[in-house]
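The opening position of the sequence shown corresponds to residue 541 in the numbering used here, with each subsequent residue numbered one higher.
The beta-carbon is built from N, C-alpha and C at its ideal position, and this holds for glycine as well.
Here the structure is a predicted model, which is why all the values come from computation and not from measurement.
Working notes, structure below.
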Amino acid sequence: MSEDTTLVCSAKGCREAAVWVLAWNNPKVHTPERRKTWLACGEHRETLGQFLGVRGFLKDVVALAEWQEREGA
Ligand SMILES: [Zn+2]
Numbered sequence: 541m542s543e544d545t546t547l548v549c550s551a552k553g554c555r556e557a558a559v560w561v562l563a564w565n566n567p568k569v570h571t572p573e574r575r576k577t578w579l580a581c582g583e584h585r586e587t588l589g590q591f592l593g594v595r596g597f598l599k600d601v602v603a604l605a606e607w608q609e610r611e612g613a
């Protein structure tokens, strides 16, 4: 099985393949240029995004394929 390379959604208990990357930063913990990332399937993009958004942590939501291109992966 080559499923190991599949990136999975970061939502708790979700095993769906990730489609989105949510880039975030907690200014109390991270330097401003630092980016933490969560992966999200189509269904959890909004719930994870809201979780980060209400805290003011969310910086960017990018399609996974685009993110990987950006990162040169
Ligand atoms: Zn999910």
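Near ligand 1: residue i beta-carbon under 6 Å from a heavy atom
i           : result
residue 557 : no
residue 611 : no
residue 586 : no
residue 551 : yes
residue 573 : no
residue 583 : yes
Neighbour-count burial assignment, residue i, 16 or more Cβ in a 10 Å radius
i           : result
residue 584 : buried
For residue j and residue i, the rounded distance between their alpha carbons
i           : j           : result
residue 609 : residue 569 : 28 Å
residue 562 : residue 546 : 17 Å
residue 566 : residue 602 : 18 Å
residue 564 : residue 607 : 14 Å
Contact check, residue i vs residue j, beta carbons under 7 Å
i           : j           : result
residue 551 : residue 592 : no
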